[in-house]
Amino acid sequence: MGQNITKPVDDITAQLDNWSISIRLDKREAAATIHEYLKSFINDFSTDTLIKYTLLESRFYLMQKDLVNSAVAIDNAKTYLDHFHDIHRHYLHLAEGILFYDEKRYQDALHCFEKAEKYLNQLQDSVEIGEFHLRKAMTYYFLDITTLSALHAERAIEALKPYKTFEFLLARAEMLQGMNYMDLQDFELSEEHLHKALISYKNIDNQYFITTTNLNLGLLYVQRELPEAAIRYLEEARKNKQERIHLKILYLLADSYWKTNHPSKAMEAYTEGFQKSIDTDDLTMKWEFAMLHKKFEDRVNYESVWQEGIEYFRKVNDLFNVRLYSKELALHYTETKQYELATRYYLLASI
């Protein structure tokens, strides 16, 4: 008799569970290994298993920053819509929402998460429920709906807190809550949540998020007007040279060193950051560095460069920076009794 090489159903189910955990914990090598293993048995999958596989595959490709194949996996899952039950529908809308989120289409992501939430009561796994609230909280955060972000982040924290294995997800929820409270000007609670996140990231040795949390703590202390405390965390963040946030770190460091009367260190951070913004063609950060330099080192050109910078932010519809810099320039014009210009920039600060 020929051997039956079909993999037992229990083993495939276990591997799908392991794959789901690896994806949620951002364990990329483990997830890639399981993906290759599962692909070799795809022809033996039942319809239910194929649905689970394709929806997880969408999330797997997202962790690889492959948005095209993520969308293809979702389309593959939709070919089985006639076989979907409520839990499948939840996972489908969740996968669609995560894809939209990664594409920075936050309103579309929220719409998908709201559809997924209709089936949330079908889930038995507290960790999955916690992760859902985390995803929704992240989306509200980028939509500037801070109070709802804080609400869902708190739900995520409560759901994830008992599960040590998922400390990574808990840390992400704590960090997000820290950012929410920073936006809400509750700096003590912000500090508490950010330090909890930092401890957890250190526990699991996640260098990427350790760096990000150090940056966020630096930002917190800058906002609290404690530049010396900010420098401590920003210098830690600087060590890893994390490409995505390195310019922001250098900007805050230069600002903090100027405020603490360390002009040579400030110029070092400024020079590195300004040159890097030119090399990477990051025009927003180039203007931010230029404006920072004029504020502290070249007061003769301060007003003209800030006016040009604000006009650039208006052209690219960067309303956050228009408001931020217009408010500060308006204060300067008020202090120097240039009231007509002050009025103009106060109006821009309120758009």
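Numbering that gives the first Met the number 0 puts the first residue of the sequence shown at 0, with every later residue one more than the last. Beta carbons are placed, not taken as given, at the ideal position from N, Cα and C, and that holds for glycine.
DSSP three-state call for residue i: helix, strand or coil?
i    : result
K84  : Strictly speaking, residue 84 in this sequence is His, with Lys absent from that position. It is coil, neither helix nor strand.
I144 : coil
D281 : coil
Y345 : helix
Q337 : coil
R104 : coil
Y36  : helix
K64  : coil
T12  : helix
F273 : helix
N239 : coil
G1   : Because the pLDDT at G1 is just 39, under 50, the model does not fix this residue reliably, and the point stays unresolved.
R134 : helix
Q435 : Only positions 0 to 350 of the chain appear in this structure, which leaves residue 435 out of reach.
T164 : helix
R223 : coil
S325 : helix
R59  : The residue you asked about is not Arg; residue 59 is Phe in the sequence shown. Helix, per DSSP.
T259 : coil
L183 : coil
A350 : Reading off the sequence, residue 350 comes out as Ile, not Ala. Looking at I350 - three-state DSSP - the assignment turns out to be coil, as it is neither helix nor strand.
S69  : helix
S45  : coil
Excluding the five sequence neighbours on either side, which residues of its own chain have a C-beta within less than 6 Å of the C-beta of residue i, listed in chain order?
i    : result
Y139 : L147 and S148
R237 : I248
E173 : H192, K195 and A196
E339 : none
Y162 : V126
On the criterion of 16 or more Cβ atoms from any shown chain inside 10 Å, does residue i qualify as buried, or is it exposed?
i    : result
G1   : Low confidence applies here, because G1 scores a pLDDT of 39, under 50, leaving its location unreliable; read the following figure in that light. So G1 counts as exposed.
H82  : exposed
I309 : buried
I203 : exposed
Q176 : buried
L80  : exposed
A30  : buried
Output the boundary residues of the alpha helix (DSSP H) element that contains residue i.
i    : result
K26  : Unbroken run through K26: none, as it is neither H nor E.
I309 : Y301 to K314
K117 : Element bounds for K117: n/a, residue is neither H nor E.
I203 : Careful: I203 lies outside any alpha helix (DSSP H) and carries neither H nor E.
Can you give me the Cβ contacts of residue i inside the same chain, cut-off strictly under 7 Å, excluding the 5 residues immediately before and after it?
i    : result
C111 : H92, E95, G96 and F99
L54  : A76, Y90, L91 and A94
T369 : Past the edges of the chain, shown from 0 to 350, lies residue 369, and the structure says nothing about it.
V304 : A289, M290 and K293
K201 : I209
If you drop the 5 nearest sequence neighbours on each side, which residues of the same chain put their C-beta closer than 8 Å to that of residue i?
i    : result
T46  : Y79 and H82
Y52  : L15, L37, I41 and F44
N3   : Bear in mind that a pLDDT of 42 at N3, under 50, signals an unreliable position, so the model cannot answer this.
L119 : H89, I128 and F131
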